[in-house]
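Q: Numbering (my numbering), first residue to last: -18 to 368.
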Ligand SMILES: Cc1cc2nc3c(=O)[nH]c(=O)nc-3n(C[C@H](O)[C@H](O)[C@H](O)COP(=O)(O)OP(=O)(O)OC[C@H]3O[C@@H](n4cnc5c(N)ncnc54)[C@H](O)[C@@H]3O)c2cc1C
């Protein structure tokens, strides 16, 4: 945030303690905050920069990312990989700091990377901790002070800068970077307090802020819940999510004791929840037969074999059994005895089954957050606040 121009911080007064003064306070010292503090130190030598974080242990979310390996980027990134805002706005941000610059910075920090198809980048050590150590080490070498736990509960703008206050003390900063994350995995320290700090500075937040990349809950009686651990490649769509093509994903769907997870479900969850948050009545459709409905129909019209045997050619046995039960078709039924209406039921359940979603697994199981401060309130070339 740029230096404020009006109104004194309310804690400034004759009897109030005189807070320590720094050039830049970064609130939140995880992936974004550590990176931003480093960039600031690099941009202007001699600044007094303090990175504050409310967490006792830094970088909890970095450490769990990518299953503990930290998939820290991708070789090819474009505006199509992002949701929210508009493609031109995202393009502008990405152009300002392309992937090549990210890779150069990591190399400068002494972090070797390795690439996995289709372009995913990991630390060569395969340990997320190496990423955290590289960032913290770089920060220390750059002379940035890291202070934690230091939770900021209040942020006020005044003539002499910003006042940051919390249980661990007071600080005045000429400029502030808010890098407090979203609400996903609140035990890591990012519990949404940052939105209140931003609102105190005049920002708005989007009408809906909901989990993204989150497993979905299914109705109690849903048979998919009876086969936890079973996974299959599928196409997933959200129907009734407004005008335009229904959002869709393709990848593994994992059945669990509470509902469904896996990459295809995590990826589509934000679309389902966004539609719900905007008052629509979305439906989640799973096509368990990515080879296509016609292919399955052809197979079912063959005269030899059984229903279960045919489904098991492409699906795990337990899933085949559950889908047959949903279609009220006996898995052992010989194909030559499968009548037209049973075949139709089976095709519908396997290739366009609507699953009864009742909610999501919650912030503590979400990987990311959808929503927040609209990009329109930021200068896209620097991400500086317009407020
Ligand atoms: C299980 C899981 C797996 C993931 N895997 C990947 C992956 O492989 N690749 C990938 O790119 N992303 C992954 N992510 C997402 C990634 O971790 C986040 O996008 C990233 O951590 C966001 O960084 P951030 O710095 O913006 O926010 P956060 O990491 O949430 O950090 C915000 C920081 O701000 C601090 N803070 C909040 N409020 C205050 C306050 N009031 N005062 C002081 N400090 C405060 C918090 O303590 C926290 O340290 C994963 C996430 C999860 C949960």
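Yeah, the Cβ is synthetic: ideal placement off N, Cα and C, and Gly gets one too.
Just list the residues that DSSP pairs residue 216 with in beta bridges.
A: DSSP lists 231 and 268 as partners of residue 216.
Q: Specify the secondary structure class of residue 336 as computed by DSSP and reduced to three states.
A: Correct three-state label for residue 336: strand.
Q: Any idea if residue 169 is buried or exposed, counting beta-carbon neighbours within 10 angstroms, 16 or more meaning buried?
A: Its Cβ being crowded by 16 or more others within 10 Å, residue 169 is buried.
Q: Starting from the Cα of residue 96, find the closest Cα among 355, 53 and 43 and give me that residue.
A: Selected option, being the one with the closest Cα: 53.
Q: Return the chain-ordered list of same chain residues with a C-beta closer than 7 Å to the C-beta of residue 285, the five sequence neighbours on each side being excluded.
A: So the qualifying residues of the chain are 316.
Q: Can you tell me which of the three DSSP states residue 356 falls into?
A: Helix, per DSSP.
Q: Hey, would you say residue 5 sits closer than 8 Å to residue 174, going by beta carbons?
A: Cβ distance not < 8 Å, so residue 5 and residue 174 don't count as in contact.
Q: With residue 156 as the anchor, note down where its beta strand (DSSP E) starts and where it stops.
A: Residue 156 -> beta strand (DSSP E) spans 150 to 159.
Q: Residues in its own chain within less than 7 Å of residue 278 by CB, not counting five upstream and five downstream?
A: 328, listed in sequence order.
Q: Could you give the C-beta distance for residue 196 and residue 342, rounded to a whole number, given that I count them as a contact under 8 Å?
A: About 4 Å; that satisfies the 8 Å criterion.
Q: Assess contact between the stretch 184 to 195 and the stretch 243 to 253, defined as three or more Cβ pairs (one per stretch) separated by less than 8 Å. Is contact present?
A: They touch, by the three-pair rule.
Q: What would DSSP say about residue 135, mapped onto helix, strand or coil?
A: Strand, per DSSP.
Q: Taking only three categories from DSSP, how would you classify residue 63?
A: Three-state DSSP puts residue 63 in coil, outside helix and strand.
Q: Going along the chain, which residues of its own chain have a beta-carbon closer than 7 Å to the beta-carbon of residue 60, five neighbours each way excluded?
A: Taken in chain order, the residues that qualify are 68, 71, 72 and 75.
Q: Just reading off the alpha helix (DSSP H) that residue 42 is part of, what are its end residues?
A: Here the alpha helix (DSSP H) through residue 42 covers 41 to 45.
Q: Does DSSP classify residue 32 as helix, strand or coil?
A: Reduced to three states, the DSSP call for residue 32 is strand.
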